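6 protein chains.
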Amino acid sequence: MTDIWLETLITNTPQQGFELAITLSRRGVKYTQPDAETLKALRPEYANSADGLTAASQVIATNFQTVAAANNYWWKSQFCVL
Amino acid sequence: MTDIWLETLITNTPQQGFELAITLSRRGVKYTQPDAETLKALRPEYANSADGLTAASQVIATNFQTVAAANNYWWKSQFCVL
Amino acid sequence: MTDIWLETLITNTPQQGFELAITLSRRGVKYTQPDAETLKALRPEYANSADGLTAASQVIATNFQTVAAANNYWWKSQFCVL
Amino acid sequence: MTDIWLETLITNTPQQGFELAITLSRRGVKYTQPDAETLKALRPEYANSADGLTAASQVIATNFQTVAAANNYWWKSQFCVL
Amino acid sequence: MTDIWLETLITNTPQQGFELAITLSRRGVKYTQPDAETLKALRPEYANSADGLTAASQVIATNFQTVAAANNYWWKSQFCVL
Amino acid sequence: MTDIWLETLITNTPQQGFELAITLSRRGVKYTQPDAETLKALRPEYANSADGLTAASQVIATNFQTVAAANNYWWKSQFCVL
């Protein structure tokens, strides 16, 4: 992709980090199927399926692990204090 | 989402951390399918399915990894003790 | 849940840690479907299914990662020795 | 379970660690379905299924992450060298 | 494979890291099924399936964890700052 | 297994590490189903299935996390520089 959509993994709050994890999860789908019309057509297939929603939440959880680690879990003292 | 639902990953006890992991797992679903009626209708589909429940427990386990690390596993001395 | 079922992630031995991982996995299911009768009825569905058992073992493996890290893998010297 | 089957996560070699990961994966199944006859009957269901074997390998990979970390990846100097 | 396709896990930006994670995910497929014609024929099977796309995004998320850690999450000071 | 197939997790390059991750993934299958003929017969079942290939790539990604960590992500200075 030629557009810039991910400049940093750092966010101000855990919630923004969770929302970034959602962005990463959607981008993983979009890189695999770039056609917006196809994606739109597939939406009901998973958004109305319990299994599909759980699988989506699993991807988000995996990406949130990365984002949370990147932000050192939003501890006040940013890095390991020695 | 405009409401604030995740201000910190820190909890007092491991059990509260596990319950936060459940919240994260449900939010992952809710961001993907925000319609409360649809979610309610889908509930029997996974809550009465062994596979659906195992998959839900997998998402919770993944989020609990994040929450547990964020809390340094609730060790008494909170951060890197040297 | 109002009962206290998880006071610490620390266990004396790796085997007790593995058994705690099983408890966490079952709790993940129980929070999602709290009705004991429904859970009992679903038991044959996964306990007699190869796929269901493998999926259960996957959840346990994920939770065991958390418990093992929390116990610093039961190394004799508990924390990073400097 | 009352028998002692996991006294340590430490192994001499990476291969023994991989084999321990297999033991952990099988124990995850056995705790969920303790009946040996049922397990034996289910064996063809996954051992002759490509999906079943890949899922089994996924559980092993997850447990191997734990065992490998516990052994500090079998580096010569065992723990944090500074 | 005899061609060199992975010389380093280091990238300049998180987005390049995400794209490297996609490369790793595709290579995982290609090592398992090296025949380009077969892969091309299978493409509609997952690129037009909600479940297939979510599963692809899950693989990417897993590989992105590795790439992000390898880049120390693109923190300005590259390695352990004390 | 009595043969020695895994003496170290250390590789010279990331690509060799990725290929080791593939070896680990295949060994996970082979320990579960040691019969070479059965494995050969199952090959078309996953190598010609989009879902099967994605699942294989997921196992490889998980094992690559382990191998990459074991090699400290192939950083020039092998260990945390203080």
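Protein chains in written order, with the numbering used here: chain A, 1 to 82; chain B, 83 to 164; chain C, 165 to 246; chain D, 247 to 328; chain E, 329 to 410; chain F, 411 to 492.
Yeah, the Cβ is synthetic: ideal placement off N, Cα and C, and Gly gets one too.
A quick note: this is a predicted structure, and the numbers were derived from the prediction, not measured.
With the criterion set as a beta carbon lying under 8 Å from some beta carbon of chain F, the members of the stretch 253–268 of chain D are 259, 260, 261, 264, 265, 268, in sequence order. Between the alpha carbons of residue 480 (chain F) and residue 462 (chain F) lies a gap of roughly 27 Å.
With fewer than 16 neighbouring CB atoms inside 10 Å of its own CB, residue 444 (chain F) falls in the exposed class. In this structure, DSSP gives residue 350 (chain E) a helical state, which the three-state scheme calls helix. Per DSSP, the continuous alpha helix (DSSP H) segment holding residue 393 (chain E) begins and ends at 378–398. By the criterion of at least three beta-carbon pairs nearer than 8 Å, the stretch 248–257 of chain D is in contact with the stretch 172–184 of chain C. Around the beta-carbon of residue 54 (chain A), 16 or more other beta-carbon atoms lie within 10 Å, marking it buried. Non-local C-beta neighbours of residue 46 (chain A) in its own chain, meaning closer than 8 Å and more than five positions away in sequence, comprise 52, 53, 55, 56, ordered along the chain.
Look at residue 197 (chain C): its C-beta is not under 9 Å from any C-beta on chain D. Listed along the chain, the chain B residues whose CB falls inside 9 Å of the CB of residue 24 (chain A) amount to none; the nearest CB is some 12 Å away.
At least one CB atom of chain B sits nearer than 9 Å to the CB of residue 169 (chain C). Residues of the stretch 214–231 of chain C with a Cβ closer than 7 Å to any Cβ of chain B, in chain order: 216, 219, 220, 222, 223, 226, 227, 229, 230. A residue is called buried when at least 16 other Cβ atoms come within 10 angstroms of its Cβ; residue 442 (chain F) meets this threshold and is buried.
Straight through space, the alpha carbons of residue 401 (chain E) and residue 108 (chain B) are spaced by roughly 27 Å. Residue 115 (chain B) sits in coil when the DSSP states are folded into three classes, being neither helix nor strand. The beta carbon of residue 201 (chain C) sits no closer than 9 Å to any beta carbon of chain B. In the three-state reduction of the DSSP assignment, residue 202 (chain C) falls in the helix class.
Between residue 104 (chain B) and residue 142 (chain B), the C-beta gap is smaller than 9 Å, which places the two residues in contact.
Under a 10 Å Cβ-count criterion, residue 284 (chain D) is classified as exposed, with fewer than 16 other Cβ atoms of the shown protein chains found around its own Cβ.
Residue 19 (chain A) and residue 446 (chain F) have their C-alpha atoms roughly 46 Å apart. By the CB criterion at 9 Å, residue 468 (chain F) and residue 390 (chain E) fall inside the cutoff. Rounded to whole angstroms, the separation of the alpha carbons of residue 352 (chain E) and residue 438 (chain F) is 20 Å.
Each of F:450, F:459, F:474 was checked against the Cα of residue 369 (chain E), and the nearest Cα belongs to F:459. Neighbours of residue 46 (chain A) across chain E, judged by C-beta separation under 9 Å: 378, 379, 381, 382. Between residue 369 (chain E) and chain A, the shortest Cβ-Cβ separation is not below 9 Å.
Our two residues, residue 30 (chain A) and residue 75 (chain A), have alpha carbons roughly 32 Å apart in a direct line.
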